[in-house]
Amino acid sequence: MHEDEKKVERKKDLNPLPKSMIEMLEIIESSINKEMELDASPHHLAKSAVVAVCDVMGGCTIYLPRGTALKRKLRSEAIYSDFLNGMAHEELIRKYAIASQTVYDIITDERALSLEARFKH
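One point on numbering: in UniProt numbering, the residue at position 6 of the sequence shown is 6, and numbering is uninterrupted.
Right under this line is the structure:
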């Protein structure tokens, strides 16, 4: 992969999760929290989460990113969170099985997103 292609790929990772994905995550989390109090089975948790999403977002057209892009974004957020919680670069490299430069790039990108989000509010 050429350096220009890497920059374009990293720019894609800078995009935060779509608002609909964040909303969906919050709906599912709330639904699971309620159902866990009832000691529900995994199947019941899943059904309740789907119903909750349909109740709130039913009838809407929403964009769902491909799994690879979403997983990459979630991994980047996890790496940045681990970094903020004191994990050293070497530990991050081992834990996530990624190159040193990738760790530095992710931290730089996530820091930029964090600062951008702070100034938006």
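For every residue, glycine included, the Cβ atom is placed at its ideal position computed from N, Cα and C.
Closest by CA to residue i, which one among the options?
{"i": "Y96", "options": "A112, R72, E37", "result": "R72"}
{"i": "A78", "options": "R66, P65, R111, A46", "result": "R111"}
{"i": "S76", "options": "H43, L25, E26, I106", "result": "I106"}
{"i": "G58", "options": "P65, L38, S20, R66", "result": "S20"}
{"i": "L84", "options": "T108, A69, P65", "result": "T108"}
{"i": "L70", "options": "L25, D55, V103", "result": "L25"}
Could you give the residue range of the alpha helix (DSSP H) that holds residue i?
{"i": "P42", "result": "42 to 57"}
{"i": "R94", "result": "89 to 96"}
{"i": "D82", "result": "67 to 84"}
{"i": "I27", "result": "19 to 36"}
I think residue i touches residue j, with their Cβ atoms under 8 Å apart; what is that distance to the nearest whole Å?
{"i": "D82", "j": "L92", "result": "6 Å"}
{"i": "E29", "j": "L45", "result": "The pair is not a contact, with the Cβ atoms about 11 Å apart (cut-off 8 Å)."}
{"i": "A52", "j": "I22", "result": "About 15 Å; that fails the 8 Å criterion."}
One question on the structure: do residue i and residue j come within less than 8 Å of each other, judged by their Cβ atoms?
{"i": "P18", "j": "Y63", "result": "yes"}
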